[in-house]
Amino acid sequence: RPAVVVLASGTGSLLAAIIDATSAPNSPARITGVVVDRDCRAAELAGAAGIELRRCVVADHADRTAWDAALTDVVADLGADLVVTAGFMKILGRAFLDRFAGRIINSHPALLPSFPGAHAVRDALAHGVKVTGATVHLVDDGVDTGPILAQAPVMIDDTDDEISLHDRIKTVERVLLVQVIASFVTRAVVSEGRKVRFS
Ligand code: GAR
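Per full-length UniProt numbering: the sequence shown = residues 9 to 207.
Structure below.
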């Protein structure tokens with residue numbers, strides 16, 4: 009079964025959903041490792057699930073380029089066929105993108121190309137949009153700019169705050185991300201310019 013390596017920095021609810029899905033006996037993929045860039049709940053979840061956990065912390069390296077090279081080596085060492093960034097709050101560098109080109113997917117809590125970046129939920133609320141959602145996309149060298157693999161909408165209520173809205177988006181993200189991982193490892197990604205779809 010193809011090997012998935014998950015990069016995470018946060019509470020790890022997306023990671024938990026991937027762990028759940030890949031521990032099913034008929035799962036088409038398996039997780040071979042989790043890499044974190046800080047101490048976080050995601051690291052604890054990986055440890056508790058008995059998944060190989062690696063830490064790659066920027067402050068432990070001379071600069072971002074050295075950190076990126078180390079991260080590339082760690083993920084390659086874990087045998088990644090597919091890299092999933094699941095709440096990983098760092099921009100991946102050139103070496104990493106080159107090494108895993110076309111095999112890195114990210115889950116983002118907005119309907120891209122609206123509201124890219126680290127504050128997507130806050131930005132959507134501040135803009136006053138009435139619908140937002142979740143996007144899973146291929147990672148390229150921009151911030152949340154890569155070709156879109158799947159999206160799902162979430163309605164915004166007048167009473168929503170950042171926490172309540174993010175919770176509902178994450179519920180949708182977990183399902184979408186698990187579906188996209190299954191598609192990615194069982195089908196081919198067909199591109200037509202910017203447009204991508206599963207075969
Ligand atoms: C998710 O909503 C993910 O899309 C977002 O962080 C959350 C992680 O949740 N990622 C970004 O905003 C990246 N720019 P989790 O730690 O519970 O899995």
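Quick reminder that beta carbons are idealized off the backbone N, C-alpha and C, glycines included. As the structure is a computational prediction, the values presented were derived from the model and not from experiment.
Kindly indicate which residue of the options has the alpha-carbon position closest to the one of residue i.
i	options	result
Thr19	Gly125, His145, Leu53 and Cys64	Leu53
Lys138	Pro155, Asp152, Leu119 and His127	Leu119
Val151	Ala132, Met163 and Gly125	Gly125
Ala29	Arg195, Gly201, Gln187 and Ser207	Gln187
Ser199	Ile156, Val193, Asp175 and Ile171	Ile156
Val204	His145, Asp149 and Ser172	His145
Taking 6 Å as the limit between beta carbons, can you name the residues of its chain near residue i, skipping five residues before and five after?
i	result
Gly87	Ala11 and Thr40
Lys178	Ser21
What did DSSP end up calling residue i once you bin it into helix, strand or coil?
i	result
Gly55	helix
Leu61	strand
Ile39	strand
Ile99	coil
Pull up the DSSP beta-bridge partners for residue i, would you.
i	result
Leu146	Ile113
Leu90	Val12
Leu185	Leu185 pairs with nothing; no bridge assigned.
Pro161	Gly141
Phe206	Val197
Val44	Ala16 and Arg63
Could you check how far apart the C-beta atoms of residue i and residue j are, in whole angstroms? I think they sit under 8 Å.
i	j	result
Gly141	Ala160	5 Å
Val92	Phe108	Incorrect: roughly 11 Å between the Cβ atoms, too far for contact.
Leu79	Glu181	So it is not a contact: roughly 23 Å between Cβ atoms.
Ala16	Phe96	6 Å
Ile189	Ala37	6 Å
Excluding five sequence neighbours on each side, which residues of the same chain lie with their C-beta closer than 7 Å to the C-beta of residue i?
i	result
Val82	Val43, Arg62 and Cys64
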